[in-house]
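Numbering (this note's numbering), first residue to last: 275 to 570.
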């Protein structure tokens, strides 16, 4: 966008955003929203086009408009929540475009954060579960996290939900597997045999995630492993070498691995684990070296 005086910017913005042909131009619409929404003096002109964008025929426009609603709300953080806007976003959870659905959850969470975030009731929960297969892996992981807020009303409904979740335990995405596992374990807390079965099934994907090149994913996977070991002590004992630390790993991952190793020690592997821990005692990180000494 070339440099213009403030009056010219407002004039051009108003003309551009009120033009349906430009709204339908996906890239142009996105750029206008993202670049000018924080400019002083233009919010009054951008609000109506964003609201119009929620009903636009082009799914890309709806995706950006939904996120624009959260940005508008943040610019007026002291104002009351617009009930009509919230209702509009809740209705868009049934949009045919899966990205619009996920963006709606994000925006509602942001707009309603002072009230506890987006509410997941029975119709919304079952709708999201039935749309899961249409989402990409990032969307699936996000929806699984939102579904943690829903508690089934009956045992029959509980097992219907568990059946819908079952396929996501086999996902190629470690993030989806971990999200599905966490939801499974919380929902099935009154059925220990179901929890045990799930933990056995996800052992492979979790071990793979613990060796991931993504540090964030590796850290989250290690946290999940530690939680699992509280329920099933020694569950990963035969794979203890997977939790040996490499020199290039950040210290926060190394610290998690040391904690896991302490949980996996048994009569068969105690010598190997102690030898590994002794090697960590001279690490350049004082915190990590201290943790290794304490573990020994």
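Quick reminder that beta carbons are idealized off the backbone N, C-alpha and C, glycines included.
Everything numeric in this text was worked out from a predicted model, so none of it was measured.
Three-state class that DSSP yields for residue i in the structure shown
| i | result |
| --- | --- |
| residue 370 | coil |
| residue 331 | coil |
| residue 545 | helix |
| residue 470 | helix |
| residue 540 | coil |
| residue 446 | coil |
| residue 427 | coil |
| residue 375 | helix |
| residue 435 | helix |
| residue 278 | Below a pLDDT of 50, predicted positions are generally treated as unreliable, and residue 278, at 44, falls in that range; the measurement from the model is reported next regardless. Coil at residue 278, not helix or strand. |
| residue 505 | helix |
| residue 455 | helix |
Same chain only: Cβ atoms within 7 Å of residue i, ignoring 5 sequence neighbours per side
| i | result |
| --- | --- |
| residue 435 | 403, 426, 461 |
| residue 524 | 489 |
| residue 333 | 371, 374 |
| residue 399 | 421, 424 |
| residue 550 | 518 |
Close Cβ partners of residue i (< 8 Å) along its chain, the five nearest in sequence each way excluded
| i | result |
| --- | --- |
| residue 401 | 367, 368 |
Outcome for residue i when other beta-carbon atoms lying within 10 angstroms are tallied against a minimum of 16
| i | result |
| --- | --- |
| residue 323 | buried |
| residue 558 | exposed |
| residue 455 | buried |
| residue 659 | The first residue shown for the chain is 275 and the last is 570, placing residue 659 beyond what the model contains. |
| residue 633 | This structure cannot speak to residue 633, because the chain is shown only from 275 to 570. |
| residue 429 | exposed |
| residue 507 | exposed |
| residue 568 | exposed |
| residue 570 | exposed |
Contact test: residue i Cβ vs the ligand NAD heavy atom, cutoff 6 Å
| i | result |
| --- | --- |
| residue 533 | As presented, the structure is devoid of all ligands, the ligand NAD included, so that no description of it is given. |
Beta-carbon proximity of residue i to residue j, cut-off 7 Å
| i | j | result |
| --- | --- | --- |
| residue 377 | residue 335 | no |
| residue 415 | residue 391 | no |
| residue 540 | residue 512 | no |
| residue 394 | residue 347 | no |
| residue 457 | residue 418 | yes |
Sequence-distant residues of its chain with Cβ nearer than 6 Å to residue i (five each side left out)
| i | result |
| --- | --- |
| residue 530 | 496 |
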